[in-house]
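Participant: Sharing a structure below in structure tokens format, with a few things to ask.
Residue numbers (the UniProt record's numbering): 1 to 111.
So this is what it looks like as structure tokens:
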């Protein structure tokens, strides 16, 4: 994997992964990153949305989530499992609803 001690090495490794990444840049500064794992046709799982603290409150996360939603609009399910319950309202504002178990959230686009 190489040296991952520097942030730039970590970012390069993340961007080379087999998962789909959506990044938001401010020049050469990474403002945010969303990572999605999908099955190629029906289910996409948004593994995480990360926003550089310097850019929090500037709608970077919202932009990333909307970009992911556009990319996976043809999929039956788009799911996310918020790390903290305080993040649930953020995803609800973007159309996600809590699943029956009350932890994961999803958007169902077709039946």
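Glycine residues also receive a C-beta, built at the ideal position from the N, C-alpha and C atoms. Source: prediction; values computed, not measured.
Determine, using beta carbons only, whether residue 76 and residue 109 come nearer to each other than 9 Å.
Facilitator: Along the chain shown, one-based indexing puts residue 76 at 76. Along the chain shown, one-based indexing puts residue 109 at 109. Yes, the pair counts as a contact, with Cβ atoms nearer than the cut-off.
Participant: Within 10 angstroms of the Cβ of residue 85, are there 16 or more other Cβ atoms? Answer buried if so, exposed if not.
Facilitator: As a working note, residue 85 is residue 85 in the chain shown. Under this definition residue 85 is an exposed residue.
Participant: For residue 106 versus residue 83, is the C-beta distance shorter than 9 Å?
Facilitator: For the purposes of this step, residue 106 is taken as residue 106 along the chain shown, with counting starting at 1. For the purposes of this step, residue 83 is taken as residue 83 along the chain shown, with counting starting at 1. Contact: no.
Participant: Put residue 34 into one of helix, strand or coil per three-state DSSP.
Facilitator: As a working note, residue 34 is residue 34 in the chain shown. Three-state result, residue 34: strand.
Participant: DSSP has residue 98 in a bridge; who is on the other side?
Facilitator: Here residue 98 is taken as the residue at index 98 of the chain shown, counted from 1. Per DSSP, 105.
Participant: For residue 32 and residue 50, what's the separation of their Cα atoms in angstroms?
Facilitator: As a working note, residue 32 is residue 32 in the chain shown. As a working note, residue 50 is residue 50 in the chain shown. Straight-line Cα distance between these residues: approximately 5 Å.
Participant: Measuring straight from C-alpha to C-alpha, what distance separates residue 24 and residue 100?
Facilitator: For this step, residue 24 is matched to residue 24 along the chain shown. For this step, residue 100 is matched to residue 100 along the chain shown. Cα to Cα, residue 24 sits roughly 32 Å from residue 100.
Participant: Where do the N-terminal and C-terminal ends of the alpha helix (DSSP H) with residue 62 fall, by residue?
Facilitator: Sequence index remark: in the chain shown, residue 62 carries index 62 (1-based). From DSSP, the alpha helix (DSSP H) with residue 62 extends over 60-71.
Participant: From 90, 55, 91 and 71, pick the residue whose C-alpha is nearest to that of residue 43; which is it?
Facilitator: Reading the chain shown from its first residue, position 43 is the one you call residue 43. The shortest Cα separation from residue 43 among 90, 55, 91 and 71 belongs to 71.
Participant: Kindly list the residues whose CB is nearer than 8 Å to the CB of residue 63, restricted to its own chain and excluding five residues on each side of it in sequence; keep chain order.
Facilitator: Numbered from its first residue, the chain shown carries residue 63 at position 63. Answer for residue 63: 24 and 32, listed in chain order.
Participant: On a CA-only basis, which of 36, 52 and 54 is nearest residue 46? Give me that one, please.
Facilitator: Taking the first residue of the chain shown as position 1, residue 46 is located at position 46. Measuring from the Cα of residue 46, the nearest candidate turns out to be 36.
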